[in-house]
Amino acid sequence: CQRNLSITGQLASWYEKHEALGEAFDSSTGFILPNGAIRSPDASWITRQRWESLTTQQRKGFVPLCPDFVVELRSESDRLPKLQAKMQEYIANGARLGWLIDPQNKRVEIYRFGRELEVQENPSNLSGEDVLWGFILNLKRVWR
């Protein structure tokens, strides 16, 4: 889908300039969370330190940790409560920042470790804050 391509493309562009900070992933990468759940967020990122703490074998197949940053993009068939539960699960398992992007309602739910949920209506962009320093996601193509 074009929306997902826009998100992963922008993350990849930022990642190429900031590769020393960590590793970025698209939806083809699966993670085994500390609670045992297997998840494949639409886009994600892990700090360099955490990535390099894994063995070469652990970096192949399902990665045995929760990303520091996750994005879930709601499709027309996705039920919102299920995605919200998934976002809460990411945070409970170690994610520091998560975006649930809902194109149907032009709404973003921002999940942060140790903080209240923030909902933004029709934002033009999102900041990676202190987790993805300098990353700004432009939502123009996502809202089309």
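Remember, this note's numbering sits 24 above the position in the sequence shown when you count from 1. Beta carbons are placed, not taken as given, at the ideal position from N, Cα and C, and that holds for glycine. Bear in mind the structure is a predicted one, so any value in this text is a computation, not a measurement.
Range covered by the alpha helix (DSSP H) that runs through Leu104: Per DSSP, the continuous alpha helix (DSSP H) segment holding Leu104 begins and ends at 104 to 116.
Classification of Arg165 by the beta-carbon crowding that lies within 10 angstroms, buried from 16 upward: Using a 10 angstroms sphere on the CB of Arg165, the tally of other CB atoms stays under 16, which defines it as exposed.
Enclosing beta strand (DSSP E) for Glu96 [first to last residue]: That run of the beta strand (DSSP E) goes 93 to 97.
Restricting to runs no shorter than 3 residues, where is the beta strand (DSSP E) found entirely within the segment 137 to 163? Entirely contained in the segment 137 to 163, the beta strand (DSSP E) runs reaching 3 residues are, in chain order, 142 to 145, 149 to 151, 160 to 162.
Which residues share a DSSP beta bridge with Val87? Its beta-bridge partners are Phe55.
Have a look at Glu40 and Gln34 and give me their C-alpha separation to the nearest angstrom. Using only the alpha carbons, I get a separation of about 10 Å.
Would you call the CB atoms of Arg136 and Glu113 closer than 9 Å? Cβ distance not < 9 Å, so Arg136 and Glu113 don't count as in contact.
Mapping DSSP to helix, strand and coil, what is Ala61? Ala61 falls in the coil class under three-state DSSP.
Contact check, Leu121 vs Leu107, beta carbons under 9 Å: Cβ distance not < 9 Å, so Leu121 and Leu107 don't count as in contact.
According to DSSP, is Trp24 helix, strand or coil? What is shown of the chain runs 25 to 168, which leaves residue 24 out entirely.
Option nearest Lys110 by Cα separation, candidates Ala44, Phe49, Phe86, Phe55: Out of Ala44, Phe49, Phe86, Phe55, Phe55 has the C-alpha closest to the C-alpha of Lys110.
Closest by CA to Asn149, which one among Leu161, Lys84, Gly60, Trp38? Distance check between Asn149 and each of Leu161, Lys84, Gly60, Trp38 places Leu161 closest, using alpha-carbon atoms only.
Quick check on DSSP: helix, strand or coil for Ala48? Here Ala48 carries a strand assignment [DSSP, helix/strand/coil].
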